[in-house]
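Asker:
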Amino acid sequence: MAGLELLSDQGYRLDGRKASELRKVQARTSVFAQADGSAYLEQGNTKALAVVYGPHETRGSRSKSLHDRAVINCQYSMATFSTAERKRRPHGDRKSSEMSLHLKQTFEAAVLTELYPRSQIDIYVKILQADGGNYSACVNAATLALVDAGIPMRDYVCACTAGFVEDTPLADLCHAEESGGGTSLALALLPRSGNIALLQMDARLHQDHLDALIEAAMTACKGLSKVLDGVVRQHLEEVSVLIRD
Amino acid sequence: MAAVQVSEAEKVYIMHGVRDDLRLDGRGCEDYRHMEIETDVVSNTDGSAKISLGHTDVLVGVKAEIGKPKPMVPDEGYLEFFVDCSANATPEFEGRGGEELGVELSNTLYKVFNNRHSVDLRSLCICPGENCWVLYVDVLLLQCDGNLFDAISIAIKAALFNTRIPKVHISEDEEGVKEMELSDDPYDCMRLNVENVPCIVTLCKIGHRHVVDATLQEKACSVASLLISVTHRGTVTCVRKMGGGSLDPESIFEMTEAGKRVGKALHAPLMELLQKEESLGKKRQKVGFLG
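Top to bottom, those sequences are chains A and B.
Per the working numbering, the first sequence starts with residue 40, numbered consecutively.
Per the working numbering, the second sequence starts with residue 870, numbered consecutively.
#1: Whose CA, out of Phe120(A), Asp194(A), Asn112(A), lies closest to the CA of Ala933(B)?
#2: Check distances from the C-beta atoms of the segment 1027-1055 of chain B to those of chain A and list, in chain order, the residues that come in under 7 Å.
#3: So, does the segment 1044-1056 of chain B touch the segment 955-969 of chain B, judging by three or more C-beta pairs under 8 Å?
#4: For the segment 1006-1019 of chain B, which residues have a beta carbon sitting closer than 9 Å to at least one beta carbon of chain A?
#5: Going by DSSP, name the residue or residues bridged to Gly99(A).
#6: With distances taken between CB atoms, is the gap from Gln65(A) to Glu81(A) smaller than 9 Å?
#7: Considering only the alpha carbon of each residue, which of Cys177(A), Asp211(A), Glu217(A) lies closest to Ala259(A)?
#8: Nearest CA to the CA of Arg902(B): which residue from Arg1060(B), Tyr947(B), Val1081(B)?
#9: For Ile160(A), is the classification buried or exposed, using 16 other Cβ atoms within 10 angstroms of its Cβ as the cut-off for buried?
#10: Considering only the alpha carbon of each residue, which of Met117(A), Ser158(A), Ser136(A) lies closest to Leu1009(B)?
#11: One question on the structure: do Val110(A) and Leu142(A) come within less than 9 Å of each other, judged by their Cβ atoms?
#12: Pull up the distance between the alpha-carbon of Ala188(A) and that of Val271(A), whole angstroms please.
#13: Out of curiosity, what's the CA-to-CA distance linking Ser1148(B) and Glu1141(B)?
#14: Chain B partners of Pro129(A), CB-CB under 7 Å?
#15: In whole angstroms, what is the alpha-carbon distance linking Lys1129(B) and Leu1116(B)?
#16: Just checking Val972(B) against the ligand MN - is the residue's beta carbon closer than 8 Å to any of the ligand's heavy atoms?
#17: Can you check which of these residues, Ala956(B), Cys954(B), Ala958(B), Glu949(B), is closest to Arg125(A) by C-alpha distance?
#18: Can you name, in chain order, every residue of its own chain whose Cβ lies under 7 Å from the Cβ of Val1070(B), other than the five neighbours on each side?
#19: Under the three-state reduction of DSSP, which class applies to Ser218(A): helix, strand or coil?
#20: Below 8 Å CB to CB, which residues in the same chain sit around Gly886(B) once its five sequence neighbours on both sides are set aside?
#21: Cβ of Phe982(B) less than 9 Å from any chain A Cβ?
#22: Apart from the five residues on each side of it in sequence, which residues of its chain come closer than 8 Å, Cβ to Cβ, to Leu46(A)?
#23: Trp1002(B) and Gly916(B): beta carbons closer than 9 Å?
#24: As a quick exercise: from Leu1085(B), Ile883(B), Cys954(B), pick the residue whose alpha carbon is nearest that of Gly966(B).
#25: Using a 10 Å radius around the Cβ and a threshold of 16 neighbouring Cβ atoms, would you call Ser102(A) buried or exposed?
#26: Return the CA-CA distance between Gly286(A) and Ser69(A), expressed in angstroms with no decimal places.
#27: Enumerate in chain order the residues of its own chain whose CB-to-CB distance from Cys113(A) is below 6 Å, with the five nearest sequence positions on each side excluded.
#28: Lys165(A) by DSSP, collapsed to three states: which one?
#29: How should His940(B) be labelled, buried or exposed, when 16 other C-beta atoms within 10 angstroms of its C-beta is the threshold for buried?
#30: Which chain A residues are close to Phe1158(B), counting only those with a beta carbon under 9 Å from its beta carbon?
#31: Is there a Cβ of chain B sitting closer than 9 Å to that of Ala146(A), yes or no?
#32: Could you give the uninterrupted runs of the beta strand (DSSP E) lying entirely in the segment 93-146 of chain A, keeping only those of 3 residues or more?
#33: So which residues of chain A does Thr914(B) contact, with C-beta pairs closer than 8 Å?
#34: Measure from the C-beta of Ser975(B) to each C-beta in chain A and report whether the shortest distance is under 9 Å.
#35: In the DSSP output, which residue or residues are listed as bridge partners for Asn234(A)?
See below:
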């Protein structure tokens, strides 16, 4: 579209942010009383809700359970009103199944599953409003929900997207930037060790730029981890005030 | 619905309590739990509402799209319902587990809401026989603690009140070809008249008495329940008996009278609250799930 540049000459993006600026992140844990752990996270206009049930006995077939560790079962679904065009099926389509597998892979790297053999941990994520960075919002919300459920993890899992425009890496892409056809990289990171749990990139990119892009995404994730940590500590403070005499 | 296991002793305890007009949480037989409603929570819908009734959480989003009217009624628009029982509520709803309940809920919603007496469907018409507004009402079930129908109906009424449909201008050029133009101004929109939209009241029969707004535990003790949809004038628009047990005709009459009374009393405070929320306008702090 004429006039809609992803990065203007003054260094501002479509929504007024600078290249390395993240969108506003607001989150809250313990949103639902009935689930073992739950969290709600807003990253700009993307809103995600994550709920964790477990660890509990493997439901369904016994053959799915592993003898030495827990099985992590994820489901990613989007509300039908979450996208600009109404989505007919909330889950079950190919994209949702792929996302569910990615989430499973991400959390298998972080959760200490060896502590719960023959059990199952369910993570259900729902996108209430989609505006780019759906996967990242899900991972961040699910991390908070797992912390709320008291499931031991190696580290917070923080995820962020990054793009590349004219030699400048952009952090935390919104929907317009993602669907523009440029490069988009999704990264899930364990911040303290710097280990990458999931890395996915679409579209072409010259290999000289790859390092800069991954670096931008990692910096964004480290910034996010501070926000998530702040949310957890604030929740603990609120709860301990209620328990304290 | 998500099942809760209740022992025989607990069932007897609940039934004796209901007999003396005292429920587990101290309510009377015709009292609702604490209800919180907020509209306009999802910004890329045309109207939305979130309700928490005790531990039952429901989110409703309304999207308006232009479609072809039904051939039998060319000068009316229509509503389409979809209920998504998400796995958030209980792991049993994962994958296709929640479909059965979702289909049952949406079929009942069609009966209650999609008729010209509840919603003014004529106002949804753009060009008779050619174009009309179709309102896609999507219900998302987030937490389930009994009394889904009541919560869903109140949320739908609030979401329809909040719905803003853009105004359409039809212009005809020389060859007689009609062109539709949607107004660009976000404030130039049409609102729906939700005065006649009914609210559903579910009454569960426990022992010899009936209770309104039953939790999952109370539902496990009841044999059958009656679903009544009541408008603000006290008119009953739909009655349905649900559950496996049987009800004798006298108790149905009693329950209908109680349902009318309770339902009629719901509308006035609800409309007052919605008007008050709307009057706060831009100053209102949107809370959503963050509160």
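For every residue, glycine included, the Cβ atom is placed at its ideal position computed from N, Cα and C.
Answerer: Once the coordinates are examined:
#1: Answer by Cα proximity: Phe120(A).
#2: none
#3: no
#4: Asp1007, Leu1009, Leu1011, Gln1012, Cys1013, Asp1014
#5: Per DSSP, none; premise fails for Gly99(A).
#6: Pairing Gln65(A) with Glu81(A) gives a Cβ-Cβ distance under 9 Å.
#7: Asp211(A)
#8: Val1081(B)
#9: buried
#10: Answer by Cα proximity: Met117(A).
#11: no
#12: 12 Å
#13: 11 Å
#14: Asp953
#15: 18 Å
#16: By its list of ligands, the structure shown contains no ligand whatsoever, and the ligand MN lies outside what it can speak to.
#17: Checking every option, the nearest Cα to that of Arg125(A) belongs to Glu949(B).
#18: Asp1019, Val1081, Ile1097, Val1099, Gly1128, Val1131, Gly1132
#19: coil
#20: Arg892, Leu893
#21: Phe982(B) does not count as touching chain A.
#22: Sequence-distant partners of Leu46(A) (beyond 5 residues in either direction) whose C-beta falls short of 8 Å from its own C-beta, in its chain, are Arg52, Ala58, Val204, Glu205, Thr207, Leu209.
#23: no
#24: Cys954(B)
#25: Result: exposed.
#26: Residue 286(A) falls outside the range modelled here, since chain A spans only 40 to 284, and no answer is possible.
#27: Ser139, Leu142, Lys143, Ile162
#28: strand
#29: Looking at the sequence itself, residue 940(B) is Pro, so the reference to His does not match. Pro940(B) should be labelled exposed.
#30: What Phe1158(B) touches in chain A: Arg67, Val70, Tyr79, Glu81, Lys86, Leu88, Leu167.
#31: The identity of residue 146(A) in the sequence shown is Phe, whereas the question assumes Ala. No - not a single Cβ of chain B is within 9 Å of the one on Phe146(A).
#32: 110-117
#33: Simply Phe120.
#34: No - not a single Cβ of chain A is within 9 Å of the one on Ser975(B).
#35: Leu229(A)
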